[in-house]
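J.: Heads up: the sequence shown is residues 212 to 701, going by the working numbering.
We treat Cβ as the ideally placed atom computed from N, Cα and C, and that holds for glycine.
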Amino acid sequence: MRETGFNLNDPELLRTAAFIDGSWVPADDGASYLVTDPACGRTLAGVANCGANETLRAIDAASAALLGWRNTSAKERANSLRRWFELINASCEDLARLLTAEQGKPLAEARGEITYGASYIEWFAEESKRIYGDTIQPGSNNQRLIVLKEPVGVVACITPWNFPNAMLTRKIAPALAAGCTVVCKPAEATPLSAFALAELAQRAGIPRGVINMVTGDPAKIGGVLTRHAQVRKLSFTGSTRVGKQLLADCAGTVKRTSMELGGNAPFVVFEDADIDAAVAGALASKFRNAGQTCVCANRFLVQDSIYERFTSALVAAVNAMTLGRGDEAGVDIGPMINADAADKVIGLINHARTLGARVAAGGRRSKLGSTFVEPTVLTEVTSEMRVCREEIFGPVAPLQRFTTEGDAIALANDTRAGLAAYVYTRDMGRIWRVSDAMEYGIVGVNEGTISNEMAPFGGIKESGHGREGSRYGMDDYLEIKYLCMGGIES
Ligand code: SIN
């Protein structure tokens with residue numbers, strides 16, 4: 212089945228088959244599943260519904276391509292990645308349309324994601340030339356001790372639907388830059404953005420087998436990727452629940468893993484904060500992608516003395532936001548990925564209301580359809596409410612009160628998650644005290660937009676391990692080999 216309703220300048224970017232060993236191939240049994248538009252449920256395309264056998268062939272292809280790819284010079288790999296980056300930028304508008312159609316986010320945000328995703332490719336193209344080893348002072352002059360960096364090998368990349376482009380590029384780019392080959396399993400809901408990336412990678416001259424993509428049954432595909440001995444690493448972005456299962460599945464072959472899992476980000480506003488800046492940061496952090504990001508502010512902790520002032524400024528800003536289809540002009544917030552996701556968010560709002568929270572803005576499912584949730588502000592929220600304890604993954608801002616700095620820190624750290632946290636204050640001493648005390652991998656200080664390719668993205672505690680982006684992001688795809696050379700003096 213081939214859909215033509217996307218109005219792409221380059222219709223060849225719409226791919227619906229799996230990408231294995233440089234070829235576009237249907238599922239072995241010809242089966243496909245339907246990809247739908249979350250805004251209205253219309254069918255966008257039928258996509259190859261692969262399982263174990265196609266995944267095994269993809270791993271074989273990645274294994275066969277490994278030697279050739281790891282033996283290319285860093286400069287050759289950098290040039291290939293650079294060409295891929297340029298082709299993605301040249302196709303930005305088409306890629307954004309595909310992304311909005313299958314994921315729902317507003318077109319402006321989708322364009323932003325394409326640029327954001329491409330930035331990881333540019334960054335790691337450059338970093339590939341900066342993989343350094345070490346020499347170590349030996350205990351005797353008869354020896355030389357040398358540390359080399361080598362690619363991990365075949366890497367499996369399992370990515371989510373909330374950033375169908377950028378979560379893939381920030382795994383594939385460092386993997387390829389390090390000399391690894393990959394087998395990717397994009398989220399079932401958003402395969403079209405992933406396939407378009409593979410199409411452009413092929414045009415960029417990245418050799419066959421270096422990038423493979425299989426879509427379909429997550430249990431069958433994931434089962435092979437996590438248990439196959441040739442796959443030496445799994446990089447996963449998704450929920451903590453699934454991440455724990457994948458970690459257990461990887462234990463049998465002792466794979467390296469990078470886990471970007473769920474968050475429960477506190478957004479702390481102290482009484483000395485610049486309130487306008489805090490509201491702007493809150494909007495950026497909370498309502499990006501309709502609240503469907505792991506680093507979204509999940510709970511707002513606001514000091515008593517400014518609670519009313521911050522609340523009314525935030526409510527005014529939230530009431531000014533426009534909810535609608537991502538492909539309509541002027542829309543700030545699109546739909547949830549599906550009706551179940553919207554049901555869960557509405558359930559969290561209702562639970563908080565039952566325990567005494569007040570709805571200061573929004574609070575309902577929109578008349579636009581079953582996947583649309585109004586941007587919502589809840590006040591008088593307390594820690595026992597599920598909205599504070601669970602990752603909301605929706606456009607809901609719950610506002611809690613605190614009195615002292617110590618209370619704010621205790622509330623902020625009262626979670627098993629540890630991905631991102633945000634702090635708004637103009638007191639330099641407090642900035643350092645609170646940042647030091649935060650049990651999180653990322654702390655935004657007077658800043659709600661924290662993700663970029665130059666910085667290490669990742670969490671601690673049950674939010675996972677490993678870092679993506681930055682110079683640290685390359686380490687996750689490199690092994691250390693130590694050479695101990697003797698007989699130097701003889
Ligand atoms: C995520 O939600 O997993 C990623 C968000 C980001 O890259 O900022």
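Just how far apart, CA to CA, sit G449 and I332?
T.: 21 Å
J.: Please work out which residues of its chain come closer than 7 Å, Cβ to Cβ, to S302, disregarding the five sequence neighbours upstream and downstream, and give them in chain order.
T.: Cβ within range, chain order: D221, L224 and L411.
J.: With burial defined as no fewer than 16 other Cβ atoms inside 10 Å of the residue's Cβ, what is the status of G537: buried or exposed?
T.: buried
J.: So which residues touch the region around ligand 1, with touch meaning a C-beta under 7 Å from any heavy atom?
T.: P371, N373, F374, A377, M378, T448, E471, T504, C505, V506, S662 and F668
J.: Taking 8 Å as the cut-off, decide whether the C-beta atoms of A623 and T590 are in contact.
T.: Contact flag unset, no.
J.: Please classify P376 as buried or exposed, where buried requires at least 16 other C-beta atoms within 10 Å of its C-beta.
T.: First, the amino acid is wrong: residue 376 is Asn here, not Pro. Flag for N376 reads buried.
J.: For A275, which residues in the same chain have their Cβ closer than 7 Å to its Cβ, ignoring the five residues on either side in sequence?
T.: Apart from the 5 residues on each side of it in sequence, A275 sits with its Cβ closer than 7 Å to the Cβ of G420 in its chain, given in chain order.
J.: Ordered along the chain, which non-local residues of its own chain (more than five positions away) have a Cβ less than 7 Å from that of A666?
T.: G680 and S681
J.: Count the other CB atoms, across all protein chains shown, that sit within 10 Å of the CB of K692; report buried if there are 16 or more and exposed otherwise.
T.: exposed
J.: With DSSP as the reference, label Q514 as helix, strand or coil.
T.: strand
J.: To which residues does DSSP link Q611 through a beta bridge?
T.: L512
J.: Express the C-alpha separation of A528 and Y327 in angstroms, rounding to a whole number.
T.: 26 Å
J.: Report the rounded CA-to-CA distance for D543 versus T266, giving the unit in angstroms.
T.: About 38 Å.
J.: Can you tell me which residues form a DSSP beta bridge with A631?
T.: I653
J.: What are the residues that DSSP puts in a beta bridge with T533?
T.: In the DSSP output, where bridge partners are listed per residue, T533 has none listed.
J.: Cutting at 8 Å between CB atoms, please list the residues of its own chain near L309, excluding the five before and the five after it.
T.: F217, L219, L224, L225, L403, S404 and A407
J.: Please classify A440 as buried or exposed, where buried requires at least 16 neighbouring CB atoms within 10 angstroms.
T.: exposed
J.: Need the endpoints of the alpha helix (DSSP H) that K360 sits in, please.
T.: Unbroken run through K360 is the beta strand (DSSP E), R355 to P362; no alpha helix (DSSP H).
J.: Following the continuous alpha helix (DSSP H) through Y331, name the residue where it begins and the one where it ends.
T.: Y331 -> alpha helix (DSSP H) spans L318 to E338.
J.: Just mark E287 as buried or exposed, buried being the case when its beta carbon has 16 or more other beta carbons within 10 Å.
T.: exposed
J.: Under 8 Å, do G384 and E337 count as touching if we go by C-beta distance?
T.: For the sequence presented, residue 384 should be read as Ala rather than Gly. Not a contact, by the Cβ cut-off of 8 Å.
J.: Using a Cβ-Cβ cut-off of 6 Å (strictly less than) and excluding sequence neighbours within five positions of T464, which residues of its own chain qualify?
T.: A440
J.: From N260 to V425, what distance separates their C-alpha atoms?
T.: Taking the straight line joining both Cα atoms gives about 8 Å.
J.: For the alpha helix (DSSP H) holding S581, just list the boundary residues, first then last.
T.: Here S581 belongs to no alpha helix (DSSP H), and DSSP marks it neither H nor E.
J.: Could you give the distance in angstroms between the alpha-carbon of M212 and the alpha-carbon of P249?
T.: Because the pLDDT of M212 is 44, which lies under 50, any placement of that residue in the model is unreliable, and the question is left without a value.
J.: Drop a sphere of 10 angstroms on the beta-carbon of W643, count the other beta-carbons inside from all chains shown, and report buried for 16 or more, exposed for fewer.
T.: exposed
J.: Please state whether the Cβ-Cβ distance between T582 and V570 is less than 8 Å.
T.: Their beta carbons are not under 8 Å apart, which means T582 does not touch V570 by this criterion.
J.: Locate the alpha helix (DSSP H) running through P429, then write down its first and last residues.
T.: P429 to R438
J.: Under 8 Å Cβ to Cβ from T468, same chain only, skipping five residues before and after it: list those, please.
T.: When the five nearest sequence neighbours on each side are left out, the beta carbons in the same chain lying within less than 8 Å of the beta carbon of T468 are those of K444, L445, S446, F447, L457, L458, C461, H676 and G677, in order along the chain.
J.: Verify whether the separation of the beta carbon atoms of E313 and A400 is less than 8 Å.
T.: The answer is yes: Cβ separation under 8 Å.
J.: Would you tell me roughly how many angstroms separate the C-alpha atoms of Y227 and V258, rounded to the nearest one?
T.: It is Thr, not Tyr, that sits at residue 227 in the sequence shown. Whole-angstrom Cα-Cα distance: 5 Å.
J.: Within its chain, find whatever has a CB closer than 8 Å to the CB of A731; leave out the 5 residues flanking it on each side and keep chain order.
T.: Because the chain is modelled from 212 through 701, residue 731 falls outside the range shown and cannot be assessed.
J.: What are the start and end residues of each continuous beta strand (DSSP E) run of 3 or more residues lying completely inside the segment 236-296, in chain order?
T.: 243-247 and 254-259
J.: So, using beta-carbon positions, are W280 and P418 closer together than 8 Å?
T.: yes
J.: Would you kindly work out how many angstroms separate the C-alpha atoms of E658 and T636, rounded to a whole number?
T.: 10 Å
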